[in-house]
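The letter at position 73 of the sequence shown is residue 473 when you use the working numbering, and the numbering goes up by one with no holes. Ideal placement from N, C-alpha and C gives every residue a C-beta, glycine not left out. This one's a predicted model, so the numbers in the text were calculated from it and none came from an experiment. Reading through the structure tokens given below for one structure.
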Amino acid sequence: MASGGLKTGSSFVENIQLSINIDTGRAGLWPGGLFHFTVGSRFGDSAKNSFTVGSSTPQNTGLAFPGPFFDADVYPTEYFLVQALTPKFSLLLGKLAIVDIADQTLFGDSAKYYFA
């Protein structure tokens, strides 16, 4: 932001994510289950600098996980168990990170598969 806004300057934020899925059937536990566990970490500028460059809200959802003020730590962001009860009905129990699910458009969807 060259002028205007709350503060001029630039900001950099990088997120790192590690996800593990364990199929309970393949692991020899029970059929139809899946354990999912995701940890996330962020490095770069602090939230104090990132929130004020250009606007009063973050420009992307990169500050949402693992949390806006967890700058250099690793925290769990998603963990859940999915159990298929019938071929068309499954039960999910745990914590979901729904920020990426909310916007399912071509331009704002998952940065892993489309442009961010």
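Of the other Cβ atoms in all chains shown, 16 or more fall within 10 Å of the Cβ of T438; this residue is therefore buried. In the DSSP assignment, S419 falls within the beta strand (DSSP E) that extends over 413 to 423. Excluding its 5 nearest sequence neighbours in each direction, D423 has C-beta neighbours in its own chain below 7 Å: L434, listed in chain order.
By the beta-carbon neighbour count (other beta carbons within 10 angstroms, threshold 16), T486 is exposed. Between F480 and L492 the beta-carbon gap is near 6 Å, inside 8 Å, which marks them as a contact. Closest in alpha carbon position to R442, among P476, L429, I420, N421, is P476. Counting other Cβ atoms within 10 Å of its Cβ, S419 stays below 16 and is therefore classed as exposed. In the DSSP assignment, F470 falls outside any beta strand (DSSP E), carrying neither H nor E. From the listed residues S410, A472, G444, H436, the smallest Cα separation to G494 is found for H436. As the crow flies, the alpha-carbon of Q417 is around 20 Å from that of S411. Secondary structure at G440: strand, using DSSP grouped into helix, strand and coil. Take the alpha-carbon of P431 and the one of A484: they are about 8 Å apart.
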